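Participant: Counting in my numbering, the sequence shown tops out at residue 410, every number present.
Okay, here's the structure, questions in a sec.
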Amino acid sequence: MDYKINSHKEKKETIFFGETSYYIGKEIGSGCCGNVYNCDDSDGNNYAIKIMHPHYNLNEELVLEWKNNLENLTLIDNKYLVKYEKAFEFENAFHLMMKKYPRTLGNMLDKKVINLQKILKPIARSLLRGVDYLHNVGIIHYNIHADNVLVDITNSDSNDKKAVKLKFLLSDYADNLLLKQDSIYKQVTYNGVLPPEYINPEKFGQLSDRTDIYLLGILLLEIYYGKRLLFSDEDVLSGKPKNYALHLPAPYSFALAKALGRHVAFRTKDAKTLWHDLNLDSRNSLIDL
Ligand SMILES: Nc1ncnc2c1ncn2[C@@H]1O[C@H](COP(=O)(O)OP(=O)(O)OP(=O)(O)O)[C@@H](O)[C@H]1O
Ligand SMILES: [Mg+2]
122 MDYKINSHKE KKETIFFGET SYYIGKEIGS GCCGNVYNCD DSDGNNYAIK
172 IMHPHYNLNE ELVLEWKNNL ENLTLIDNKY LVKYEKAFEF ENAFHLMMKK
222 YPRTLGNMLD KKVINLQKIL KPIARSLLRG VDYLHNVGII HYNIHADNVL
272 VDITNSDSND KKAVKLKFLL SDYADNLLLK QDSIYKQVTY NGVLPPEYIN
322 PEKFGQLSDR TDIYLLGILL LEIYYGKRLL FSDEDVLSGK PKNYALHLPA
372 PYSFALAKAL GRHVAFRTKD AKTLWHDLNL DSRNSLIDL
C-alpha cells in the first residue's frame, strides 16, 4: 500500500489511557475540527487517531454525555462507515482511533488516476447505505465531502498484482455529535459548500437529515465531473449546483437536481429515494438500497 503521510509535523507524545499506552507520531492531516495522526499502541496496533478539542465550556452533564456518546460510537459497525476502534476523552480532547486508509475520495478527485464517473453508481450506493444507516440510528453527518470518504484498496486477484478492489467508507460522522453542529459549520467553509438552509434558514428551512442529502448531491456531482467543485454561498443561494445537475444526462439530471433542491421541503427525502432516483432509467430501478 502506498500510504503517505503528507505533513512533516510530528506530535511525539505518549498518552496512557486504561491499560494501554498510545504513541502519537506524524500528523497525517488536519481539518476544521482537529488533527489526524499516526498512532501505535502498546498492544502492537497501528491506527489513525483523530484528536479534537471541543469549543464549548465543560460541565458535569456534558462529560457524562461525552462518555455515553463515545461508548455508543464504538458500537457502530457498518461496512460503509469507518469504524471507531476506540474512542475516549483525555485531557478535554476527544481521541478517536480508526484504521489507517491509503486514500481519500478527495485524493482521487485531485489525482484523477481513475475515471470516477464510471464507478459513480457503486460509490453512490456505498455512501447512501452509510448515510441510510446513520439516519436510522439518529445521527446526521452534516459534513459530507470528498475528504471525509476514505478509500480502502485491496488486491482482488492473487495472480494479478494490478487487480484492485476499492471500498468507499464515510468517515467523521462523530464530529457533529461530539462538537455540536454550529462549531463545525462555522469553520468548515474551506471545504467548499455550505447548504442553503444553513446560510438562510428563514427562506430554505431548517437543518435536518435532508442536509446530508444536499451534501451528497454536491459530492455525486463532483464524482460525475471528476473534479472538486467550489460553490460560494452566492452560488448556493442562486441554485447553481442544481443547474449543474440539470445539464447531466438521465437519470443523474433528475436525481441530482432533486437532491440539490434549495428548499428543504422539496428536496429528495432520504437516501433510499435518492438511490431509487439514480436508477430510474435502468431495469434495476426497484433494486433495494
Ligand atoms: N482513517 C484515516 N486514514 C488515513 N487518513 C486519514 C484518516 N482520517 C483522516 N485522514 C486524513 O487526514 C486528513 C485530515 O482529516 P480531518 O478529518 O481532520 O480533516 P478533513 O477530513 O480534511 O476535513 P473535516 O475537518 O471537514 O473532516 C484527511 O483529509 C485525510 O486525508
Ligand atoms: Mg475529515
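C-beta: ideal position from N, C-alpha, C; glycine also.
Just so you know, these numbers come straight off a predicted model, no measurement behind them.
Below 7 Å, is the gap between the Cβ of I136 and the nearest heavy atom of ligand 1?
Facilitator: Along the sequence shown, one-based indexing puts residue 136 at 15. No, the Cβ of I136 stays beyond 7 Å of every heavy atom of ligand 1.
Participant: Please tell me whether, using a cut-off of 7 Å, the distance from the CB of S247 to the nearest non-hydrogen atom of ligand 1 is below it.
Facilitator: In the sequence shown, the residue the question calls residue 247 occupies position 126. No.
Participant: Rounded to whole angstroms, what's the CA-CA distance from N280 to N166? Just pull it up for me.
Facilitator: Locating residue 280 in the sequence shown gives position 159, where the first residue counts as 1. Locating residue 166 in the sequence shown gives position 45, where the first residue counts as 1. The straight-line gap from Cα to Cα measures roughly 29 Å.
Participant: Classify K125: buried if its beta carbon has 16 or more other beta carbons within 10 angstroms, exposed otherwise.
Facilitator: On the sequence shown, residue 125 is found 4 positions in, with the first residue counted as 1. Residue confidence is low: K125 scores 44 on pLDDT, short of 50, so the model does not pin down where it sits. Its coordinate-derived value is still stated next. Label assigned to K125: exposed.
Participant: Verify the contact flag: I172, CB atom, against every heavy atom of ligand 1, threshold strictly below 7 Å.
Facilitator: The residue you call residue 172 lines up with position 51 of the sequence shown. Outside the cutoff, so no.
Participant: Should N269 be counted as a contact of ligand 2 given a C-beta to heavy atom distance under 7 Å?
Facilitator: For the purposes of this step, residue 269 is identified with residue 148 of the sequence shown, where counting begins at 1. Under cutoff, so the answer is yes.
Participant: Does the Cβ of P370 have 16 or more other Cβ atoms within 10 Å, making it buried, or fewer, making it exposed?
Facilitator: As a working note, residue 370 is residue 249 in the sequence shown. Under this definition P370 is an exposed residue.
Participant: Going along the chain, which residues of its own chain have a beta-carbon closer than 7 Å to the beta-carbon of A267, five neighbours each way excluded?
Facilitator: Position 146 of the sequence shown, counting from 1, holds the residue named residue 267. So the list reads T225, L226, G227, L230, L340, E343 and R349, once near-sequence residues are dropped.
Participant: Consult DSSP for N167 and reduce its assignment to one of helix, strand or coil.
Facilitator: Position 46 of the sequence shown, counted from the start, is the residue given in the question as residue 167. N167 falls in the strand class under three-state DSSP.
Participant: Measuring only from the beta carbon, is G347 closer than 7 Å to any heavy atom that is part of ligand 2?
Facilitator: If you number the sequence shown from 1, residue 347 lands on position 226. For ligand 2, not one heavy atom lies less than 7 Å from the Cβ of G347.
Participant: Alpha carbon to alpha carbon, how far is K171 from C160? Give it in angstroms, no decimals.
Facilitator: Indexing the sequence shown from 1 puts residue 160 at position 39. Indexing the sequence shown from 1 puts residue 171 at position 50. Roughly 10 Å between the two C-alpha positions.
Participant: Compare the beta carbon distance of N297 and N269 with 8 Å and say whether it is the shorter of the two.
Facilitator: Taking the first residue of the sequence shown as 1, we reach residue 297 at position 176. Taking the first residue of the sequence shown as 1, we reach residue 269 at position 148. Not closer than 8 Å, so no.
Participant: I'd like the list of long-range same chain contacts for D314, defined as Cβ closer than 6 Å, with 5 residues on each side in sequence excluded.
Facilitator: As a first step, residue 314 is located in the sequence shown; it is residue number 193 there, counting from the start. The sequence shown places Val at residue 314, not Asp. Contacts found: I339 and F352.
Participant: Let me make sure I understand the geometry here. Which of Y345, S374, D402 and L191 has the alpha-carbon closest to that of K233?
Facilitator: The residue labelled residue 233 in the question sits at position 112 within the sequence shown. Minimum Cα distance to K233 is reached at Y345.
Participant: So, using beta-carbon positions, are Y158 and G146 closer together than 8 Å?
Facilitator: Counting from 1 along the sequence shown, the entry for residue 158 is found at position 37. Counting from 1 along the sequence shown, the entry for residue 146 is found at position 25. Cβ distance < 8 Å, so Y158 and G146 count as in contact.
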